[in-house]
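The structure appears right after this line, and notes come after that.
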Amino acid sequence: MNEMIHITPVSIIAFIVIGICVMAMAWISGSSRKLDRFKAKEVGDGQHGNDRFMTEREAKDFYTVIRLPEEIEDHSGEYPEGRIIHYDETTREAYIDTTNTHARIVAPTESGKSTEYVIPNVQYNIMAGTSMIIPDTKKEIYEKTAQDARNCGFETYVIDFQDPELSVQIDLFEDINEYMDHHLTHGDIKSKAACEDAAGALAMDIVYSRDRGNNENPFFAQASKGVIHSLILLLSMFAEPKYKHLGSINNILHGMLEAPKDKSDKTPMILKIMRKLPDDFGAKKYLGAAFAAAEETETNIYSSVLGDLEPYINALAEQIIAKPAHAGKKFSYRDLLDKKSILYIVIPEHKPQFRSYASIIIRKLYNQLTEYANTLPGKKLPRRILLEWEEFALYPKVNEVEDWLAIMRGRGIIGDFIYQSDHQLKNKYGEDIMKIMMDQCAVSIYLALSQEDTDTAERLSKAIGTKTIKTGSISVSHDSGKSGSLFGSTSHSETEQMMEQALMRVPELLHMDQAGMKLLLRRNQYPFKTHLCRYYLPEWGLWPAESKGEETINEMSGIDYMTYDHLMYAIDEHMERHAPIVSVKETELEDRKERELEGLELVADQLYKLTGDRRCAELVLEKSYGELIVYMDRYKKIISKYELQQLLEPYAE
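Printed below as a string of structure tokens:
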């Protein structure tokens, strides 16, 4: 006999509770499913933004795609010169940017700037036959690429401040001396002007590469530049080759400070040198700023100059930059043009003071290459040169960098400037110059961002743009049984709307390296999510050739310095042998002076006839041209300043 089922009040309550729980779970599940319908799907017609990323298909159309070989081999003339901006590991296809543009690569520590960007790009450009200048902080780039370069027919040069015995030498006075020699031999005024310009550029690079405090009187920078400029010209003209280096300038200045003083003679020591020289000697005119202000003492000026020279006075470095022309293997800017070549500038990582040398060498090569390009049709170098500058913002400031970037690109020198963050660049150059530099670089590649660099991430998120997506909301109401049903009733309402969403939000940008992507921004193009590969991974497949070792090419030796007394003696001796410091015969000089006097008399007579003012004629015959131009302003309706300058030009000193 079946037992009777007893339904008690407690059982009824339990059933009701269970039923309510089941209904609640079903309602929650239904609501969740409804919310899941609202995906971040692009909709609309760009009401809140229609930006997007460049597709891989578009990238293939815009960039040059090269399928990389299985090993590094010479493909000069076949592969275009350029930079790798994307790599497809499945097809071994590299996307090459061949445009004549600079790039800035932002890469924090341990983001792969050497292994993922620099070395693969150097390997590619070796195959393409591109001449390169590569500052190398760890010597890693040299060790991983130099042998492959030699195997592909490159000449490789290393300026090695880590081990000078393995280094080629470089002469910072090379072009200055060449111009001076040509002027002295042929009396060529253009060579004289070029010599003065080259000396001035070197002096400026020395002075303005040093970080000067905001409170430092700018007078001292200008004075220092004038003194260094003048002494470079003096050494170039009067010194033996073994003395023509920056160490001699330092030594001469110490001699000036140590020389016994005649209290009755307030003439600065350097001006005593200049008094021995003709008025038209180039070195004289660059000292005006140095000794124009009475309140500035001679000693303070020399101390400022010595402070500017200090980074360039080092016993090891002088084995590279202070040897005479016949000693050891020399590097010249022409080596980058005559054949495909790579110059590695190795800086000891633990000795940051040597970065000054790399910076000034790069600036020097830039000046020489641009001057050479200016002599060519189209003012462009015959061979493209790539400057692959890692840790750019750790080096001394490049003076007038905004002009420098524009000019070098126009001459065919293309730069990859790699640094850790935009904050680092801003700290070095200031915000205004940083923005100009960013404008000069049409390509920006972000390998990663520091996790704390939210400012850059926010700026990038805005720069990349926004898209329009669909979003929505669900409203649920419950009448708790008031409608007459046992458990009441539930009603749902849904709304859909369009809203703005960033293509990449700040957290995505801060973690993009973990997702294996890089970000490329290019002027007038959509942003591109790119991928690169570290050179040592099998997916890259181009393993560096084993180095065959290095030979000692620079025997260590003593350095010769010119002294103040030696310079004075050299000038006196030259003056005795060549009364006027010009390289024309004395008779030719006298003839020239006679013709010049006749011409000046004609100009004086002409101005007197025009103005009726004898003072005009007197100033002409006195050769007081500056005073004459000011004086003639009262007669500008008769003869313009430009016409007057044209009239005087043949007789200008």
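In this note's numbering, the protein residues as written are -19 to 633.
All C-beta atoms, glycine included, are put in the ideal place defined by N, C-alpha and C.
Residue from the options with nearest C-alpha to residue i
i: residue 500; options: 387, 129, 39, 221; result: 39
i: residue 326; options: 122, 153, 162, 315; result: 122
i: residue 297; options: 142, 586, 594; result: 142
i: residue 69; options: 334, 258, 48, 591; result: 48
i: residue 531; options: 377, 308, 545, 582; result: 308
i: residue 505; options: 35, -2, -7; result: 35
i: residue 680; options: 316, 209, 556; result: Residue 680 cannot be examined here, being either before or after the span of the chain that is shown, -19 to 633.
i: residue 109; options: 56, 411, 534; result: 56
i: residue 352; options: 316, 205, 556; result: 316
i: residue 318; options: 135, 555, 536, 513; result: 135
i: residue 314; options: 282, 364, 330, 116; result: 364
i: residue 283; options: 385, 495, 236; result: 236
i: residue 278; options: 404, 239, 497, 304; result: 239
i: residue 105; options: 93, 125, 586, 86; result: 125
i: residue 553; options: 257, 422, 293, 280; result: 257
i: residue 367; options: -7, 102, 33, 88; result: 102
i: residue 46; options: 386, 37, 71; result: 71
i: residue 385; options: 419, 533, 99; result: 419
i: residue 148; options: 234, 303, 205; result: 303
i: residue 481; options: 521, 32, 227, 98; result: 32
i: residue 348; options: 59, 587, 179; result: 179
i: residue 387; options: 437, 350, 397; result: 350
i: residue 294; options: 41, 538, 587, -2; result: 538
i: residue 487; options: 247, 429, 397; result: 429
CB contact check: residue i to chain B, cutoff 8 angstroms
i: residue 261; result: Chain labels in this structure do not include chain B; a single protein chain is all it has.
Whether residue i touches residue j by CB criterion (8 angstroms)
i: residue 322; j: residue 112; result: yes
i: residue 54; j: residue 63; result: no
i: residue 395; j: residue 82; result: yes
i: residue 160; j: residue 91; result: no
i: residue 262; j: residue 196; result: no
i: residue 359; j: residue 391; result: yes
i: residue 511; j: residue 66; result: yes
i: residue 485; j: residue 80; result: no
i: residue 211; j: residue 232; result: yes
i: residue 370; j: residue 94; result: yes
i: residue 218; j: residue 525; result: no
i: residue 281; j: residue 207; result: yes
i: residue 427; j: residue 493; result: yes
i: residue 291; j: residue 130; result: no
i: residue 423; j: residue 502; result: yes
i: residue 425; j: residue 85; result: yes
i: residue 608; j: residue 584; result: no
i: residue 133; j: residue 344; result: no
i: residue 329; j: residue 118; result: yes
i: residue 393; j: residue 324; result: no
i: residue 30; j: residue 528; result: no
i: residue 434; j: residue 401; result: no
i: residue 445; j: residue 483; result: yes
i: residue 74; j: residue 398; result: no
Proximity test, residue i beta-carbon vs the ligand SAM heavy atom, cut-off 7 angstroms
i: residue 223; result: This structure simply doesn't include the ligand SAM, nor any ligand for that matter.
Anticipated Cβ contact below 8 angstroms, residue i with residue j, distance rounded
i: residue 153; j: residue 225; result: 7 angstroms
i: residue 107; j: residue 52; result: 6 angstroms
i: residue 120; j: residue 513; result: Not really, about 17 angstroms apart at Cβ, beyond 8 angstroms.
i: residue 639; j: residue 164; result: Since the displayed the chain opens at -19 and closes at 633, residue 639 lies outside it and no answer follows.
i: residue 145; j: residue 536; result: 6 angstroms
i: residue 99; j: residue 409; result: That belief does not hold up - the Cβ atoms of residue 99 and residue 409 are roughly 27 angstroms apart, past 8 angstroms.
Enumerated in chain order, which unbroken segments of the beta strand (DSSP E) with a length of 3 residues or greater are wholly contained in the region 374 to 451?
If we require 3 residues or more, the beta strand (DSSP E) runs fully inside the region 374 to 451 come out as 393 to 399, 423 to 426.
Alpha helix (DSSP H) segments (min. 4 residues) lying fully within the region 51 to 108:
You should have 99 to 108.
Quick one: which unbroken alpha helix (DSSP H) runs of 4-plus residues sit fully inside the region 313 to 337? Chain order, please.
If we require 4 residues or more, the alpha helix (DSSP H) runs fully inside the region 313 to 337 come out as 315 to 318.
Contact the region 181 to 188 vs the region 330 to 349: 3+ CB pairs below 8 angstroms:
The region 181 to 188 is in contact with the region 330 to 349.
Taking the runs of the beta strand (DSSP E) that are 3 residues or longer, which of them lie wholly in the region 127 to 153?
If we require 3 residues or more, the beta strand (DSSP E) runs fully inside the region 127 to 153 come out as 135 to 140.
Length-filtered (4 minimum) alpha helix (DSSP H) runs lying within the region 577 to 631:
Listed in chain order, they are 594 to 601, 605 to 611, 621 to 628.
For the pair the region 369 to 385 and the region 222 to 240, tell me if three or more CB-CB distances fall below 8 angstroms.
Verdict: no, contact absent.
Below 8 angstroms, can you find three or more Cβ-Cβ pairs linking the region 542 to 553 to the region 251 to 267?
Contact between the region 542 to 553 and the region 251 to 267 is present, with at least three C-beta pairs closer than 8 angstroms.
Report yes or no: do the region 611 to 624 and the region 585 to 595 share at least 3 C-beta pairs separated by less than 8 angstroms?
Touching, yes.
Identify every run of the alpha helix (DSSP H) within the region 493 to 557, keeping only runs that are complete inside it and at least 4 residues long; order them along the chain.
Runs of the alpha helix (DSSP H) lying entirely within the region 493 to 557, each at least 4 residues long, are 544 to 557 in chain order.
In the region 163 to 212, which residue ranges form an unbroken alpha helix (DSSP H) of at least 4 residues, counting only runs that do not cross its ends?
List check, alpha helix (DSSP H) in window: 169 to 188.
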